[in-house]
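Numbering (the numbering used here), first residue to last: 6 to 880. See below for the structure under consideration.
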RNA sequence: GCGGGAGUGGCGGAAUGGUAGACGCACGGGACUUAAAAUCCCGGGAUCGCAAGAUCGUGCGGGUUCGAGUCCCGCCUUCCGUACCA
């Protein structure tokens with residue numbers, strides 16, 4: 006056995022230590038001595054991880070390797086590269102672990118971070134570790150609270166369409182004292198409101214709308230219910246329009262932009278007031294089809310609507326009460342699963358503002374309390390749901406839009422010509438909308454309105470392991486911010502983290518902490534809610550720019566230089582949550598002059614999910630991998646054959662791949678290479694450990710090409726660049742560079758394998774010193790440990806990380822002889838070896854000769870000759 | 001229901017409208033070895049044929065084109081997202 010084989014286990018730690026010790030990847034900032042202003046900047050960011058107890062899984066290194074290749078490549082291309090890593094470490098798992106074991110979340114968090122850092126460093130990523138941050142660190146929490154304070158001190162000026170300091174808010178003069186305070190509070194971007202929110206008793210907290218799916222918590226899948234509670238809210242709706250519009254300006258996947266647009270859910274329409282018959286009450290509705298107002302034959306309120314009790318007549322009271330109770334007890338899932346319409350008449354009537362008709366008022370759970378005004382005008386002739394409801398309960402249907410010829414179906418929901426609408430009969434839908442809106446505005450009965458699906462962000466949680474609010478409640482019922490100089494408000498120590506089962510925040514138990522003084526020195530109480538764990542990730546990309554600044558969240562000059570993030574890589578699961586919240590905070594910071602760009606992330610890329618192998622028995626049930634064995638090429642479990650399929654990695658299927666194991670067997674460079682070689686970065690793909698051997702062998706062959714395995718000495722180099730290899734190398738350099746730029750890492754690796762195959766073929770000439778060096782350089786972003794080692798052995802004293810990426814010349818890309826296919830009637834019949842400079846007529850002549858037997862005696866109708874590509878003869 | 005991807009060998013995948021299956025895995029054969037591992041070489045889309053070769057072939061059916069995996073129309077399957085948003 007040769008003693009100088011490629012040994013990642015000894016070579017990789019050596020270089021990881023070297024990089025850390027020499028701070029190879031420290032990034033100088035503007036204003037520092039070693040900062041080079043002449044270079045362009047490149048900020049490449051990973052979505053930072055939540056450091057879970059389970060450690061890294063193979064999905065993490067996928068995105069991290071991609072960004073690392075880009076970071077290393079851009080450094081070699083002469084960019085100042087910002088490439089940081091940190092920890093999104095607040096959140097429920099650490100707290101749930103504390104409930105089970107009594108270990109304080111801060112201890113769990115520290116252990117997990119240490120483990121994550123160790124694992125990430127063992128993969129050789131070129132992060133600037135001097136910029137490491139954790140959202141849980143007091144020096145970070147301080148500025149998260151500072152941004153909250155900024156939100157609290159900002160109001161949204163509709164006229165200017167931007168956030169402004171609360172001190173500039175025009176307050177009506179007649180408002181004094183408590184009224185004045187209440188008015189100001191009602192305009193803040195951070196405000197307290199009582200509203201129906203999702204409460205999850207298993208998690209012991211309320212959740213944001215975005216965190217609840219089908220009535221179950223996104224995390225843990227626990228049932229949630231709606232309760233009216235007093236909560237901190239962030240006025241993200243004020244930015245709805247800009248959050249939608251500015252998506253046009255960023256280079257993001259269309260799917261993601263679309264998801265955000267749909268989440269924001271902008272729709273144009275009108276608000277219309279319906280007078281209640283015999284009462285001064287009005288019911289306000291939102292509709293996107295005000296042109297169908299003549300067809301509104303009844304109204305439907307959400308069961309939770311505030312006027313329900315008041316508008317119920319005594320003879321309907323019992324039935325209405327029953328219906329409201331029934332709705333409240335139904336889970337969201339039951340509500341949406343059952344598409345059959347249910348409802349209950351209230352017994353009272355409203356007046357259709359355009360024709361004075363008396364129309365009945367109903368309640369039904371198909372009208373959502375949380376959208377629009379929680380009430381609708383029902384137009385059963387032109388809305389599917391209203392139509393179903395009307396047929397169910399025998400309510401009148403009036404046609405007010407002419408359906409096109411040949412339209413079949415009960416309900417025409419498209420645009421058409423207005424009929425049975427005296428004010429605008431004959432008008433097309435868009436025109437009719439304008440007419441009716443103008444009419445309603447003149448009468449004071451309605452107005453044009455843009456409605457958003459987006460709700461304000463419920464920002465408080467009742468948990469422990471999150472940022473406390475920098476808020477103090479005074480005795481008189483008013484509140485004040487904790488002074489910036491007093492930040493951060495740190496979490497009190499707590500021993501018992503069990504949820505109380507009621508919506509009382511956990512921090513309320515910390516009596517000594519809660520009791521405090523206000524700025525006037527009077528007894529006061531701290532806010533006991535904590536922030537959701539999105540808070541820390543809303544601005545971490547800004548803190549990376551200036552992570553140790555204790556005077557301000559970041560230096561403005563540095564921010565101007567580094568922002569925006571040039572490339573942001575992370576999973577699709579954050580398409581609406583994190584990415585929308587972060588954009589919102591960024592826009593507020595922009596309006597208030599703290600950042601220089603309206604959008605934080607210029608280009609966004611989602612890596613695909615990595616799935617595991619799984620086995621399916623004949624009943625199509627998945628069998629855990631440890632019960633499966635391979636016998637003569639077929640997979641067997643419990644004596645039955647099973648089929649190999651792909652499925653999500655999960656503990657229960659026993660198919661989770663641990664990067665540590667792969668690393669031990671093949672090394673970090675192979676793991677990196679394999680993750681990139683699996684396929685395109687953005688697609689879902691199955692992990693197959695056997696395939697890692699392929700890239701491992703490739704790296705071994707690179708090693709053997711340069712190093713004598715017997716002696717460990719560098720093999721002799723060729724004296725000059727062998728021309729055929731030189732051409733192949735130029736082609737490879739071009740392909741690798743182009744493919745890195747377009748993030749097609751799999752084909753870049755394939756190109757290097759092709760070059761290696763040529764360079765190590767039996768009759769291949771020796772690589773020259775220059776050729777070896779260039780090979781090492783282009784491979785180095787992918788397999789940095791191996792390449793640093795080879796670089797050193799090639800005689801270099803300094804890291805290759807800042808050496809310029811090899812260049813290629815165009816005329817080296819062309820071969821002396823190329824193969825040109827000849828087709829007859831589109832079918833391949835011959836191949837010609839010709840010079841690329843051959844002229845068209847000559848090529849045609851050669852082609853005719855080559856396929857003479859196919860042309861025999863036939864007349865050529867058409868000849869297509871594409872120089873350097875192909876010849877097609879049509880007979 | 002709606003929206004968005006994707007369907008190419010045994011598997012992962014590659015192909016600016018121009019030689020389909022690069023590269024890798026697995027598999028088969030061979031070399032080296034006492035043997036194995038490791039390494040190296042050769043071969044693999046299907047069908048027919050001893051072979052040269054021929055025919056078919058990128059989910060299915062049409063179309064555009066000298067030429068379609070790629071573009072257009074209509075389906076099927078599958079994955080992901082979303083769910084009464086007025």
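Idealized CB from N, CA, C, for every residue including glycine. Quick caveat: nothing in here was measured; it's all calculated off a predicted structure.
- DSSP three-state call for residue 882: helix, strand or coil? The chain is shown only over 6 to 880; residue 882 falls outside these bounds and no answer can be derived.
- Query: Exposed or buried, which one is residue 6 when buried takes at least 16 other CB atoms within 10 Å?
  - Reply: Position 1 of the first chain, counted from the first residue, corresponds to residue 6. Since pLDDT at residue 6 reaches only 44, below the 50 mark, its modelled position is unreliable, and no value is offered.
- Taking residue 745 as part of the alpha helix (DSSP H), name the residues at either end of that continuous run. Numbered from its first residue, the first chain carries residue 745 at position 740. Start and end: 728-746.
- Query: Does DSSP put residue 143 in a helix, a strand or coil?
  - Reply: Taking the first residue of the first chain as 1, we reach residue 143 at position 138. Three-state DSSP puts residue 143 in a helix.
- Query: Which residue's Cα is closest to the Cα of residue 198: 401, 127, 39, 234?
  - Reply: Taking the first chain and counting its residues from 1, one reaches residue 198 at position 193. Closest option to residue 198, Cα to Cα, is 234.
- Query: Tell me which same chain residues have a C-beta within less than 7 angstroms of the C-beta of residue 417, skipping the five on either side of it?
  - Reply: By 1-based counting over the first chain, the position of residue 417 is 412. Correct list, in chain order: 387, 406, 408.
- Query: On the three-state DSSP scale, how would you describe residue 295?
  - Reply: Translated into the one-based positions of the first chain, residue 295 becomes position 290. Residue state, collapsed to three classes: helix.
- Query: Does the pairing of the region 722-738 with the region 65-79 give three or more beta-carbon distances under 8 angstroms?
  - Reply: no
- Item | Test item: CB-CB of residue 647 and residue 628 under 9 angstroms | For the purposes of this step, residue 647 is taken as the residue at position 642 of the first chain. For the purposes of this step, residue 628 is taken as the residue at position 623 of the first chain. Result yes, Cβ atoms of residue 647 and residue 628 sit closer than 9 angstroms.
- Task: Report buried or exposed for residue 877, applying the criterion of at least 16 other Cβ atoms within 10 angstroms of its Cβ.
- Result: Within the first chain, residue 877 is the residue found at index 872, counting from 1. Residue 877 comes out buried.
- Item | Alpha carbon of residue 114 to alpha carbon of residue 548, nearest angstrom | Start at 1 with the first residue of the first chain, and residue 114 comes out as number 109. Start at 1 with the first residue of the first chain, and residue 548 comes out as number 543. Distance between the alpha carbons of residue 114 and residue 548 is about 20 angstroms.
- Please say whether residue 782 and residue 818 have beta carbons closer to each other than 9 angstroms? The residue you call residue 818 lines up with position 813 of the first chain. The residue you call residue 782 lines up with position 777 of the first chain. Result no, Cβ atoms of residue 818 and residue 782 do not sit closer than 9 angstroms.
- Helix, strand or coil for residue 153, going by three-state DSSP, please let me know. Looking up residue 153 in the first chain gives position 148. In the structure shown, residue 153 sits in a helix (DSSP, three-state: H, G or I).
- Would you check if there are 3 or more beta carbon pairs closer than 8 angstroms linking the region 282-294 to the region 258-267? no
- Proximity below 9 angstroms, CB of residue 140 to CB of residue 541: As a first step, residue 140 must be located in the first chain, where it is residue number 135. As a first step, residue 541 must be located in the first chain, where it is residue number 536. The answer is yes: Cβ separation under 9 angstroms.
- Name the one or two DSSP bridge partners that residue 877 has. In the first chain, counting from the first residue as 1, residue 877 sits at position 872. Answer by DSSP bridge pairing, in chain order: 828, 869.
- Message: Within 8 angstroms, do at least three Cβ pairs link the region 38-52 to the region 558-578?
- Response: yes
- Helix, strand or coil: how does DSSP classify residue 12 here? On the first chain, residue 12 is found 7 positions in, with the first residue counted as 1. Reduced to three states, the DSSP call for residue 12 is coil.
- Message: My assumption, with CB atoms under 8 angstroms, is that residue 545 sits in contact with residue 161. Please give the rounded CB distance.
- Response: Here the question's residue 545 lines up with position 540 in the first chain. Here the question's residue 161 lines up with position 156 in the first chain. That pair is no contact at about 24 angstroms.
- residue 460 versus residue 190 - alpha carbon distance: Stepping through the first chain from its first residue, residue 460 is reached at position 455. Stepping through the first chain from its first residue, residue 190 is reached at position 185. For residue 460 and residue 190, the distance between alpha carbons rounds to 18 angstroms.
- Message: If I follow the unbroken alpha helix (DSSP H) through residue 863, where does it start and stop?
- Response: Here residue 863 corresponds to residue number 858 of the first chain, with the count starting at 1. No alpha helix (DSSP H) contains residue 863, which DSSP labels as neither H nor E.
- Can you name, in chain order, every residue of its own chain whose Cβ lies under 8 angstroms from the Cβ of residue 358, other than the five neighbours on each side? If you number the first chain from 1, residue 358 lands on position 353. Closer than 8 angstroms at the Cβ level, and outside the excluded window around residue 358, lie 277, 278, 279, 280, 298, 445, 448, 450, 451.
- Distance cut-off 8 angstroms: residue 809 Cβ against heavy atoms of the ligand ATP: The ligand ATP is not part of the structure shown, which contains no ligands of any sort.
- Query: Which class does residue 688 belong to by DSSP, given the choice of helix, strand or coil?
  - Reply: Here the question's residue 688 lines up with position 683 in the first chain. In this structure, residue 688 counts as coil in the three-state DSSP scheme.
- Query: With 16 as the cutoff for other CB atoms within 10 Å, does residue 209 come out buried or exposed?
  - Reply: For this step, residue 209 is matched to residue 204 along the first chain. It is buried - the Cβ of residue 209 has at least 16 other Cβ atoms within 10 Å.
- Message: Just to confirm the assignment, what range does the alpha helix (DSSP H) spanning residue 585 have?
- Response: As a first step, residue 585 must be located in the first chain, where it is residue number 580. Per DSSP, residue 585 belongs to the alpha helix (DSSP H) from 582-596.
- Distance, Cα to Cα, residue 306 vs residue 372? Locating residue 306 in the first chain gives position 301, counting from the first residue. Locating residue 372 in the first chain gives position 367, counting from the first residue. Straight-line Cα distance between these residues: approximately 6 angstroms.
- Message: Judging by CA-CA distance, which residue of 117, 710, 288 is the nearest neighbour of residue 721?
- Response: Here residue 721 is taken as the residue at index 716 of the first chain, counted from 1. That would be 710, whose Cα lies nearest to the Cα of residue 721.
- Backbone CA spacing between residue 3 and residue 816 [nearest angstrom]: This structure does not reach residue 3, given that the chain is present from 6 up to 880, and the question cannot be answered.
- Does the region 90-109 come close enough to the region 460-471 to have 3 or more Cβ pairs within less than 8 angstroms? yes
- Query: What separation, rounded to the nearest whole angstrom, lies between the Cα atoms of residue 901 and residue 798?
  - Reply: What the structure shows of the chain is the stretch from 6 to 880, and residue 901 is not part of that stretch, so it cannot be assessed.
- Query: According to DSSP, is residue 205 helix, strand or coil?
  - Reply: By 1-based counting over the first chain, the position of residue 205 is 200. Looking at residue 205 - three-state DSSP - the assignment turns out to be strand.
- Message: From the DSSP secondary-structure annotation, give me the bridge partner or partners of residue 303.
- Response: Within the first chain, numbered from 1, the residue matching residue 303 stands at position 298. According to DSSP, which records beta bridges pairwise, residue 303 is partnered with 383.
- Message: Let's see if you can read the secondary structure: which residues bound the beta strand (DSSP E) around residue 162?
- Response: The residue given as residue 162 occupies position 157 in the first chain. Counting along the chain, the beta strand (DSSP E) containing residue 162 begins and ends at 159-162.
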